[in-house]
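Worksheet: the structure to be examined is printed underneath.
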Amino acid sequence: MKFSSTDAPKEAFQVDPFVVSIVRYREPLSSVREVVELCSGLDRLPPNGTVFLKPNLVFWVDGSAFPKWGVVTTSRVVEDMVVLLKEHGVRKITLGEGIVSSNRSIPAQAFRSLGYEQLRKRYGVEILDIHRRPFEQVDLGDGVKFRFNADILHSDFVVNLPVLKTHSQTIVSLGIKNLKGTIDISSRKKCHAAPSEKEFHFMIARLADKMPPVFTLVDGIYSMERGPGYDGRPRRSNLLIGSQDVLSADMVGAKLLGHDPAHVPYLAFAARNRGRTPDLSDVKQVGVVLEGAASFHENRFLFNEEGTLPLPLSKMGIQGLSFRKYDYSVCTYCSLISSPILTAIARAWKGASWNEVEILTGKKMRPSAGKKKTILLGKCMVQAHKENPCIKEMIAVKGCPPRMKEIADALHLAGIPVERSFLEEPNRFPAMMLSRFQGQTEFDEGFYQIKS
23 MKFSSTDAPK EAFQVDPFVV SIVRYREPLS SVREVVELCS GLDRLPPNGT
73 VFLKPNLVFW VDGSAFPKWG VVTTSRVVED MVVLLKEHGV RKITLGEGIV
123 SSNRSIPAQA FRSLGYEQLR KRYGVEILDI HRRPFEQVDL GDGVKFRFNA
173 DILHSDFVVN LPVLKTHSQT IVSLGIKNLK GTIDISSRKK CHAAPSEKEF
223 HFMIARLADK MPPVFTLVDG IYSMERGPGY DGRPRRSNLL IGSQDVLSAD
273 MVGAKLLGHD PAHVPYLAFA ARNRGRTPDL SDVKQVGVVL EGAASFHENR
323 FLFNEEGTLP LPLSKMGIQG LSFRKYDYSV CTYCSLISSP ILTAIARAWK
373 GASWNEVEIL TGKKMRPSAG KKKTILLGKC MVQAHKENPC IKEMIAVKGC
423 PPRMKEIADA LHLAGIPVER SFLEEPNRFP AMMLSRFQGQ TEFDEGFYQI
473 KS
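Numbering (this note's numbering), first residue to last: 23 to 474.
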């Protein structure tokens, strides 16, 4: 894979400054209208064009009882954007998302819970689970090839609606990263199977390159620290960011989250691919002053100095266990199950050292010397080390993703007596995370509903 800047998007060589608007969210419709108008966000929308709307849903929990703030795009912003599109005379609007789930009924549950059925009835919006739709391979240049949803490729215009969040692997997750939800599962896995972290970011940087014209509106009504999932820390930030240029929106979004775009590898790659620099020197920011609105959001989950245990577990005094710090090769499927596993382990700790157990995740980790039991979590780890002579006692948990019941079995086999029901009942952990927000009125579930 060559790290060059060939096949740069045509808009990369624009002479005028790229305009990015920032507004404070105050009320339905008018706030979204303001952020769109300030950056002329719909100026490239062709007459009678077809529009593909891409929210950020990431994943969904069966039963929907989990904290959505800062995790998924608010239904408020989605509906307001649909209203503006209809005002511009758009007749065909398609909303599509590729939610990560082994349960094929989950996307329909998510769409229903978020009120998207009302979008269909009220505005004629077509709602698509892209995993049930055709994909087409796209050559993005420099050896990067992904299979994209055909509906978005053949639309005339894309409205990209990411959430303002940091990300444990990519530092920030905004407009470019949101488009990862339009590629098929094999393409997503290809990203996490990249030979190096550098190449992982290099591939992510290309996601927007062959899209139709894109307007990006970053939904920061709720932002997220330590995203992308609901185990992070959401904030009520009341910010909306808009731009006709997805890279400019992302660079401003990164600054609002307290991160220098030049230090976000995939944004630096994306800037170079477009003949730009990630210093905002060619960006004209209008609306709310960026510096006054910025607030640092941590992206990393903290670990002990050795990187062998999350800091909260290390502070509990847990001994005889290694659950090493995640790397870029952990895909979305396996990253989603890490927090409930770690919580179950913490609940199982009674003060006596466990028997030198090591848990390996992702695709790149290698077993450590001196461990008595090694749990290989997921298909990728099992394939990588099923014949590794360094492993004294192997406990393989196959599957992509591995099933929680089998994970509980493996932990018990390793001498870690986790509460089985905590892992095997899918709503236990999400409900526990939701309970953190009880009585906090700023976290309003109404933002994720569309009234009939």
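Here a beta-carbon is modelled for each residue, glycine too, at the ideal position from N, C-alpha and C.
Grab me the residues of residue i's own chain with a C-beta within less than 8 Å of its C-beta, minus the 5 sequence neighbours each way, in chain order.
i: E446; result: M426, K427 and A430
i: T28; result: Any reading at T28 must be qualified, since the residue scores a pLDDT of 41, below 50, and its modelled position is unreliable; no value is offered.
i: V308; result: V41, V42, S43, I44, L60 and C61
i: P39; result: D304, V305 and K306
i: K408; result: L398, M416 and A418
Determine the extent of the beta strand (DSSP E) in which residue i is found, giving its start and end residues.
i: K114; result: K114 to E119
i: T238; result: V236 to E247
i: D173; result: Unbroken run through D173 is the alpha helix (DSSP H), A172 to L175; no beta strand (DSSP E).
i: A130; result: No beta strand (DSSP E) contains A130, which is instead part of the alpha helix (DSSP H) from I128 to S135.
i: S208; result: Note, S208: premise wrong, no beta strand (DSSP E); alpha helix (DSSP H) at I207 to H214.
i: R257; result: R255 to S265
i: I438; result: Run containing I438: none; DSSP gives neither H nor E here.
i: E464; result: From DSSP, E464 is part of no beta strand (DSSP E); its letter is neither H nor E.
i: I193; result: I193 to S195
With a Cβ-Cβ cutoff of 8 Å, do residue i and residue j count as a contact?
i: I193; j: V42; result: no
i: N449; j: G85; result: yes
i: R46; j: L261; result: yes
i: N326; j: S336; result: yes
i: L186; j: S245; result: yes
i: V80; j: D241; result: no
i: I363; j: P423; result: no
i: R257; j: E320; result: no
i: I367; j: V268; result: no
i: G92; j: G254; result: yes
i: F170; j: M455; result: no
i: K76; j: L239; result: no
i: Q191; j: D65; result: no
i: F168; j: S195; result: no
i: F469; j: S97; result: yes
i: F224; j: F291; result: yes
i: C412; j: P389; result: yes
Report all residues from its chain with a CB closer than 7 Å to the CB of residue i; omit the five preceding and five following residues, and keep chain order.
i: M273; result: P283, L289, P300, L302 and V305
i: K24; result: For K24, the pLDDT reaches just 47, beneath the cut-off of 50, and the residue's location in the model is therefore unreliable, leaving the point undetermined.
i: H153; result: G120
i: A30; result: Its pLDDT being 47, under 50, A30 is placed unreliably by the model, and nothing is read from it.
i: E101; result: L141 and I472
i: I340; result: L331 and W371
i: L51; result: D102 and V105
i: P234; result: S177, D178, F179 and V180
i: G275; result: L186, V194, L196, V240 and I263
i: K232; result: V160 and L162
Which partner residues of residue i appear in the DSSP bridge assignment?
i: V181; result: L75 and F237
i: P89; result: DSSP lists no partner for P89.
i: F81; result: F81 is not bridged to any residue.
i: V41; result: K306
i: F168; result: V160
i: A418; result: L398
i: E380; result: S344 and T396
i: R228; result: Bridge partners of R228: none, in fact.
i: T188; result: V194
i: R46; result: L261
Between which two residues does the alpha helix (DSSP H) holding residue i run?
i: N449; result: From DSSP, N449 is part of no alpha helix (DSSP H); its letter is neither H nor E.
i: G275; result: V268 to L278
i: Q405; result: K401 to H407
i: Q140; result: Y138 to Y145
i: S123; result: Unbroken run through S123: none, as it is neither H nor E.
i: L107; result: S97 to E109
i: I149; result: From DSSP, I149 is part of no alpha helix (DSSP H) but of the beta strand (DSSP E) over E148 to D151.
i: R55; result: S52 to L60
What does a CB cutoff of less than 6 Å around residue i pick up in its chain, not counting 5 residues either side in sequence?
i: V379; result: L343, K395 and A436
i: Y138; result: I149
i: A476; result: Coverage of the chain is limited to positions 23 through 474, which leaves residue 476 absent and any answer about it impossible.
i: K393; result: E378 and E380
i: D151; result: P129
i: T72; result: K114, S177 and D178
i: I226; result: Y288
i: K386; result: D349 and S351
i: T354; result: V122
i: S201; result: First, the amino acid is wrong: residue 201 is Leu here, not Ser. Contacts found: L229 and A230.
i: H214; result: S351 and C353
i: R458; result: none
i: V236; result: V180, N182 and V268
Item to check | Whole beta strand (DSSP E) elements within the segment 284 to 367, 3-residue minimum | outcome: 305 to 309 and 343 to 345
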